[in-house]
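Q: Let me begin by handing over the structure; questions about it come next.
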Amino acid sequence: MPYPMITRSALRQCLENPLRPQYNGGIIVNPELNDGLRAWSTFGDAKTEHRESNGNKYGAAHSRDNPYGSMAQKLYLKDSHLYTCSAWVQVSEGNVQVTAIFKTDSGFKKAGSVFAEPKCWSMLKGGLTVDASGPAELYFESNNTSVEIWVDSISLQPFTEKEWRSHQDQSIERTRNEKVRIQAIDEQGNPLSNATISIKQNKLRFPFGCAINKNILSNTAYQDWFTSRFGVTTFEDEMKWYSTEATRGHVDYSVPDAMLAFAKQHNIAVRGHNVIWDNPRYQNGWVKSLSPNDFRTAVQARVGSVMTRYRGRLIAWDVVNENMPFSFVESKLGQKASSVIYNWAGKTDGLTTLFLNEFYTIERSGDVAASPAKYLQKLKEIQSFPGNANLRMGIGLESHFNIPNLPYMRASLDTLASANVPIWLTELDVQGNPAQQGIYLERFLREASSYPKIAGIVMWSAWKPQGCYSMGLTDNNFKNLATGDVVDKLLHEWGGSRMGLTDANGFFEASLSHGDYNVKIISHGVTDISSSTTNLKVDPTVGGRTTLIHQVTA
1 MPYPMITRSA LRQCLENPLR PQYNGGIIVN PELNDGLRAW STFGDAKTEH RESNGNKYGA
61 AHSRDNPYGS MAQKLYLKDS HLYTCSAWVQ VSEGNVQVTA IFKTDSGFKK AGSVFAEPKC
121 WSMLKGGLTV DASGPAELYF ESNNTSVEIW VDSISLQPFT EKEWRSHQDQ SIERTRNEKV
181 RIQAIDEQGN PLSNATISIK QNKLRFPFGC AINKNILSNT AYQDWFTSRF GVTTFEDEMK
241 WYSTEATRGH VDYSVPDAML AFAKQHNIAV RGHNVIWDNP RYQNGWVKSL SPNDFRTAVQ
301 ARVGSVMTRY RGRLIAWDVV NENMPFSFVE SKLGQKASSV IYNWAGKTDG LTTLFLNEFY
361 TIERSGDVAA SPAKYLQKLK EIQSFPGNAN LRMGIGLESH FNIPNLPYMR ASLDTLASAN
421 VPIWLTELDV QGNPAQQGIY LERFLREASS YPKIAGIVMW SAWKPQGCYS MGLTDNNFKN
481 LATGDVVDKL LHEWGGSRMG LTDANGFFEA SLSHGDYNVK IISHGVTDIS SSTTNLKVDP
541 TVGGRTTLIH QVTA
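Numbering (UniProt numbering), first residue to last: 1 to 554.
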């Protein structure tokens with residue numbers, strides 16, 4: 001399996017001693033530095049040495065004159081392989097971000113990072129894919145050149161695409177499915193052999209959906225296509241501040257009200273998006289012109305207005321959107337502004353999960369503004385603010401992907417899962433040409449659904465006649481594009497219909513995704529007319545095998 005068990009506490013805590021390297025180091029030579037600096041060399045302007053403390057041996061890079069001054073190991077990476085990377089890292093002082101980087105013939109690839117501390121060891125998890133087979137060199141980098149970088153228990157493990165897919169399938173079977181056994185009996189209680197069992201899913205328990213916009217209110221073809229597939233949605237723009245209060249003091253919720261009524265009519269859950277957006281580009285002119293005091297009043301009014309109106313009617317709130325790469329709110333109200341806004345949000349609607357919502361956290365290993373390590377720092381900052389300790393927090397990951405780097409995505413999710421709060425992919429789409437989008441979308445959706453801590457997925461493909469934001473699912477006649485075919489393919493795998501015959505003892509077994517089903521049994525041409533169908537709930541809270549005994553009457 002690509003991911004041996006590492007406890008969430010180990011990922012988030014700083015330990016007195018490092019744990020053993022994953023996969024015994026994989027293809028790393030001398031991973032625990034028990035044989036001095038064998039196979040390790042100096043990278044950049046630094047000095048390296050072998051050290052030992054309390055019986056633990058490790059490598060240290062000191063006298064670093066540039067960020068990339070560290071110890072390194074030369075490797076050979078293979079095309080069409082997926083690599084998981086990990087290391088335990090310590091620094092001599094401060095709280096410093098350390099990044100694992102691979103120098104290859106095609107450039108430098110950042111694999112992952114961690115905020116390291118002195119006197120204890122932090123686990124760095126990452127991953128990468130490569131464009132072509134060839135030599136590479138693994139080293140560690142920190143922009144703070146005054147600190148020493150210590151490393152131990154380094155691992156780099158390759159997997160073939162077939163091995164990776166096999167693990168995804170196993171994980172989905174283990175975490176999203178249950179074994180179900182159905183027995184057909186007659187009126188006297190005798191088992192019915194060779195009875196036809198037909199199982200049809202009514203509702204998928206795992207929240208999987210797509211964004212919508214106001215176009216859906218007046219387009220029945222859009223409505224039919226959407227409601228036949230999805231159980232959760234997000235409004236693309238209609239609930240945002242610039243849409244509901246274009247002019248100060250003139251608040252209009254008529255459009256999101258109508259969209260919410262539509263969603264409720266079709267039993268579709270809605271995420272609230274968003275309360276405040278930290279990007280200065282998406283502010284109304286009147287908001288930008290406010291003094292700090294007036295801005296504080298306006299923000300507080302916005303939080304109270306939108307969250308009170310929709311309190312108890314949504315499953316989530318994206319409270320401060322894109323908080324880490326941007327700082328419009330902080331520029332007006334100070335560095336603790338986001339923590340204050342989450343405090344207001346919790347007091348206004350404390351029963352709904354309050355999400356951060358960030359981009360490039362799991363999409364790009366080279367983005368440092370919203371890296372998993374920085375995301376956890378921001379989450380901790382908000383939670384530690386007075387009055388916020390008991391907030392229902394969640395991790396929102398926009399997931400605007402390009403070329404797949406599934407090992408980095410998985411390693412990033414491992415790091416984020418250590419916070420032990422719900423994780424959603426909130427705006428998933430794939431950039432690129434249409435031929436690639438379908439292929440890549442399937443890879444990302446399989447990876448996400450196979451990760452046990454992912455609590456829901458929303459794609460960012462609200463339909464517009466002029467084209468979607470980045471990735472459409474249909475054409476303007478609501479015929480599937482390649483991406484839409486991928487959605488239907490996976491929905492069929494995750495539910496759809498099952499049919500088969502009972503065995504000699506009247507039993508039929510199947511592995512079903514968690515959800516609600518109708519079961520119909522036909523025996524010897526006699527249909528269960530009295531009840532037509534029987535309801536079956538496949539629930540992970542039950543545990544073990546679910547058994548349904550269904551009586552067929554003439």
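Every residue gets a Cβ at the ideal spot worked out from N, C-alpha and C, and that includes glycine.
In this text the structure is predicted, and so the values were computed from the model without any measurement.
Kindly indicate the opening and closing residues of the beta strand (DSSP E) around L15.
A: Reading the sequence shown from its first residue, position 15 is the one you call residue 15. Note, L15: premise wrong, no beta strand (DSSP E); not H, not E.
Q: Within 10 angstroms of its Cβ, does A389 collect 16 or more other Cβ (buried), or is it exposed?
A: The count along the sequence shown starts at 1 and reaches residue 389 at position 389. That one is exposed.
Q: Can you look up T480 in the DSSP assignment and give me helix, strand or coil?
A: Here residue 480 is taken as the residue at index 480 of the sequence shown, counted from 1. First, the amino acid is wrong: residue 480 is Asn here, not Thr. Three-state result, N480: strand.
Q: Let me confirm a value: S53 is counted as buried when at least 16 other C-beta atoms fall within 10 Å, else exposed. Which label applies?
A: Counting from 1 along the sequence shown, the entry for residue 53 is found at position 53. Burial call: exposed.
Q: Please return the same chain residues whose Cβ sits closer than 7 Å to the Cβ of N194, not counting the five positions on each side in sequence.
A: Walking along the sequence shown from the start, residue 194 turns up at place 194. The answer, listed in chain order, is L501 and T502.
Q: From the DSSP output, read off the bridge partner residues of F507.
A: The residue given as residue 507 occupies position 507 in the sequence shown. Answer by DSSP bridge pairing, in chain order: Q183.
Q: Using DSSP with H/G/I as helix, E/B as strand and the rest coil, what is D318?
A: Position 318 of the sequence shown, counted from the start, is the residue given in the question as residue 318. Looking at D318 - three-state DSSP - the assignment turns out to be strand.
Q: Assuming V275 and A337 form a contact by the criterion Cβ under 8 Å, report the distance between their Cβ atoms to the nearest whole angstrom.
A: Locating residue 275 in the sequence shown gives position 275, where the first residue counts as 1. Locating residue 337 in the sequence shown gives position 337, where the first residue counts as 1. That pair is no contact at about 13 Å.
Q: For R12, which residues in the same chain have their Cβ closer than 6 Å to its Cβ, ignoring the five residues on either side in sequence?
A: Counting from one through the sequence shown, the residue named residue 12 turns up at place 12. Excluding residues within five positions, the ones whose Cβ falls inside 6 Å are S418.
Q: If you count every other CB in all the chains shown that lies within 10 Å of the CB of K162, and 16 or more means buried, which is it?
A: Stepping through the sequence shown from its first residue, residue 162 is reached at position 162. By the neighbour-count rule (16 or more Cβ atoms within 10 Å), K162 is not buried but exposed.
Q: Contact check, W460 vs D429 under 8 Å by CB: the rounded distance?
A: Residue numbering aside, residue 460 sits at position 460 when the sequence shown is read from its first letter. Residue numbering aside, residue 429 sits at position 429 when the sequence shown is read from its first letter. Indeed they touch by this definition, with Cβ atoms about 5 Å apart.
Q: Provide the residue span of the beta strand (DSSP E) that contains W277, from first to last.
A: Here the question's residue 277 lines up with position 277 in the sequence shown. Note, W277: beta strand (DSSP E), A269 to W277.
Q: Leaving out five residues on either side along the sequence, give the residues of the same chain with a beta carbon under 7 Å from the beta carbon of G387.
A: Position 387 of the sequence shown, counting from 1, holds the residue named residue 387. Result list for G387: N343, in chain order.
Q: Identify, in the order they occur along the chain, each residue of the same chain with its Cβ nearer than 7 Å to the Cβ of P540, setting aside the five sequence neighbours on each side.
A: Position 540 of the sequence shown, counted from the first residue, corresponds to residue 540. Closer than 7 Å at the Cβ level, and outside the excluded window around P540, lie E178 and H514.
Q: In or out: Y375 buried (at least 16 other Cβ within 10 Å) or exposed?
A: In the sequence shown, counting from the first residue as 1, residue 375 sits at position 375. By the 10 Å Cβ count, Y375 comes out buried.
Q: By alpha-carbon positions, which one of L441, T99, C120 and A316 ends up nearest to P422?
A: For this step, residue 422 is matched to residue 422 along the sequence shown. For the residues L441, T99, C120 and A316, the minimum Cα distance to P422 belongs to A316.
Q: Report the rounded CA-to-CA distance for V306 versus I341, giving the unit in angstroms.
A: Position 306 of the sequence shown, counting from 1, holds the residue named residue 306. Position 341 of the sequence shown, counting from 1, holds the residue named residue 341. V306 and I341: Cα-Cα distance of roughly 13 Å.
Q: May I ask you to report which of helix, strand or coil DSSP gives P292?
A: For this step, residue 292 is matched to residue 292 along the sequence shown. Reduced to three states, the DSSP call for P292 is helix.
Q: Helix or strand or just coil, what does DSSP make of Q73?
A: Within the sequence shown, residue 73 is the residue found at index 73, counting from 1. Of the three classes helix, strand and coil, the one that applies to Q73 here is strand, per DSSP.
Q: Quick check: the Cα distance between Y253 and K74, rounded to an integer number of angstroms?
A: Along the sequence shown, one-based indexing puts residue 253 at 253. Along the sequence shown, one-based indexing puts residue 74 at 74. Going by the C-alpha atoms only, they are around 59 Å apart.
Q: By Cβ distance, which residues of its chain are closer than 7 Å to K332, with the 5 residues on each side in sequence left out?
A: Stepping through the sequence shown from its first residue, residue 332 is reached at position 332. Within the same chain, K332 has close Cβ partners P292 and F295.
Q: For P540, does the three-state DSSP call read helix, strand or coil?
A: Translated into the one-based positions of the sequence shown, residue 540 becomes position 540. Residue state, collapsed to three classes: coil.
Q: Provide the residue span of the beta strand (DSSP E) that contains K203, from first to last.
A: In the sequence shown, counting from the first residue as 1, residue 203 sits at position 203. From DSSP, the beta strand (DSSP E) with K203 extends over T196 to L204.
Q: Under the rule that 16 or more other beta-carbon atoms within 10 Å means buried, what is F262, buried or exposed?
A: Translated into the one-based positions of the sequence shown, residue 262 becomes position 262. Buried is the call here.
Q: Looking only at its chain, what residues have a beta carbon closer than 7 Å to the beta carbon of L290, apart from the 5 residues adjacent to it on each side?
A: For the purposes of this step, residue 290 is taken as the residue at position 290 of the sequence shown. A298, listed in sequence order.
Q: Report the three-state DSSP secondary structure of W424 (helix, strand or coil).
A: Stepping through the sequence shown from its first residue, residue 424 is reached at position 424. Three-state DSSP puts W424 in a strand.
Q: Indicate the three-state DSSP secondary structure (helix, strand or coil) for F359 in the structure shown.
A: Reading the sequence shown from its first residue, position 359 is the one you call residue 359. Coil.
Q: Considering Cα atoms alone, identify which of A504, S122 and F102 is closest to G134.
A: Locating residue 134 in the sequence shown gives position 134, where the first residue counts as 1. Minimum Cα distance to G134 is reached at F102.
Q: Which residue marks the beginning of the beta strand (DSSP E) containing W88, and which one marks its end?
A: The count along the sequence shown starts at 1 and reaches residue 88 at position 88. Unbroken beta strand (DSSP E) run through W88: H81 to V91.
Q: Thinking C-alpha only, which one of L512, L15, Y451 and I439 is nearest V486?
A: Mapped onto the sequence shown, residue 486 falls at position 486. When only C-alpha atoms are compared, the closest one is I439.
Q: In or out: M499 buried (at least 16 other Cβ within 10 Å) or exposed?
A: Numbered from 1 along the sequence shown, position 499 holds the residue referred to as residue 499. The residue is exposed, with fewer than 16 neighbouring Cβ atoms inside 10 Å.
Q: The beta strand (DSSP E) spanning N390 covers which residue range?
A: For this step, residue 390 is matched to residue 390 along the sequence shown. Careful: N390 lies outside any beta strand (DSSP E) and carries neither H nor E.
Q: Pick out whichever of I149, P452, G304 and L33 has its Cα sitting closest to the Cα of Y139.
A: Locating residue 139 in the sequence shown gives position 139, where the first residue counts as 1. Ranking the options by Cα distance to Y139, first place goes to I149.
Q: Would A370 pass as a contact of E358 if the rule is Cβ separation under 8 Å?
A: Taking the sequence shown and counting its residues from 1, the one referred to as residue 370 is at position 370. Taking the sequence shown and counting its residues from 1, the one referred to as residue 358 is at position 358. A contact, by the Cβ cut-off of 8 Å.
Q: Hey, out of M393, S327 and P325, whose CA is closest to L354's CA?
A: Translated into positions along the sequence shown, residue 354 becomes position 354. The shortest C-alpha separation from L354 is found at M393.
Q: Between which two residues does the alpha helix (DSSP H) containing G25 stretch?
A: Counted from its first residue, the sequence shown places residue 25 at position 25. That residue, G25, is in no alpha helix (DSSP H); it is neither H nor E in DSSP.
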